[in-house]
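Colleague: Here it is: the structure, laid out below.
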Amino acid sequence: MNFRKIRQFKKNAKALSPVIATIILIAVTVAVSVVVAAWMGALTIGFMGNSEQASITNIVLSDVTIGATNYQNATVTVQNTGSATVSISSAYIDANTAQILNPHLVSSVAITKGTSATFVISVSGQTFASSASYTIKLMTAKGNTITNSAAFSS
Numbered sequence: 184m185n186f187r188k189i190r191q192f193k194k195n196a197k198a199l200s201p202v203i204a205t206i207i208l209i210a211v212t213v214a215v216s217v218v219v220a221a222w223m224g225a226l227t228i229g230f231m232g233n234s235e236q237a238s239i240t241n242i243v244l245s246d247v248t249i250g251a252t253n254y255q256n257a258t259v260t261v262q263n264t265g266s267a268t269v270s271i272s273s274a275y276i277d278a279n280t281a282q283i284l285n286p287h288l289v290s291s292v293a294i295t296k297g298t299s300a301t302f303v304i305s306v307s308g309q310t311f312a313s314s315a316s317y318t319i320k321l322m323t324a325k326g327n328t329i330t331n332s333a334a335f336s337s
């Protein structure tokens, strides 16, 4: 065996230059990051597609007296513009916990996508002050908050 020929073969062997190798590594890294970003984007859109999107479109405030008890009532219309059903689970009139009436006492109101619902929320033992503004806050079953305010006119 001729060691001289083997040594000459090794000397003439061409390898990738460090610059070409670096460019190939960067290209592979960019391609993998694009694939991962597209995959994560698809996951995010899938989760966001079922998000709750609702707003209070109308509020009518009224005082009602039944027997000796005064009630603050707010007739609320909620529009669901999202792609999932919104379930209103609790309500507040100026930080006072209100009962949900639809038309009788209920624990929640479900509003399907693309529709609206009108229901009454009520706080007992109080009356509205003339020309005062009140904040209506609705909580969904998923923990989102929907707020709006209205002024009371007697």
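Quick note on the working numbering: the sequence shown kicks off at 184 and runs consecutively.
No residue lacks a Cβ here, since even glycine has one placed at the ideal position from N, Cα and C.
1. How big is the Cα-Cα spacing for VAL215 and ALA225?
2. For ILE283, does the count of other Cβ atoms within 10 angstroms reach 16, so buried, or fall short, so exposed?
3. Can you find a heavy atom of the ligand FAD that lies under 7 Å from the Cβ of ALA267?
4. Hey, which unbroken runs of the alpha helix (DSSP H) at 4 residues or more fall wholly within the segment 201-259?
5. Return the Cβ separation of GLN309 and ASN256 in integer angstroms, given the expectation that the two are a contact with Cβ distance under 8 Å.
6. With C-beta atoms as the reference, is ILE139 less than 8 Å away from ILE239?
7. Can you tell me where the beta strand (DSSP E) with GLN282 in it begins and where it stops?
8. Mind checking ALA333: buried by the 16 CB within 10 Å criterion, or exposed?
9. Considering only their Cβ atoms, is the gap separating SER299 from THR260 smaller than 8 Å?
10. Give the range of the beta strand (DSSP E) segment to which PHE375 is assigned.
11. Rounded to whole angstroms, what's the CA-CA distance from LYS320 to TRP222? Just pull it up for me.
12. Which same chain residues, not among the five before or five after ASN279, have their C-beta less than 6 Å away from its C-beta?
13. Taking the alpha carbon of LYS325 as the point to measure from, which residue in ALA267, PHE302, ILE242, ASN331 has its own alpha carbon closest?
14. Looking only at its chain, what residues have a beta carbon closer than 6 Å to the beta carbon of LEU244, apart from the 5 residues adjacent to it on each side?
Modeller: Taking the geometry as given:
1. 16 Å
2. buried
3. As presented, the structure is devoid of all ligands, the ligand FAD included, so that no description of it is given.
4. 201-231
5. About 11 Å separates the two Cβ atoms, so there is no contact after all.
6. In the structure as shown, the chain starts at 184 and stops at 337, and residue 139 therefore has no counterpart that could be examined.
7. 279-284
8. buried
9. yes
10. Here the chain covers residues 184 to 337 and nothing more, so residue 375 does not appear.
11. 37 Å
12. VAL306
13. ALA267
14. ALA257, PHE311, ALA333, PHE335
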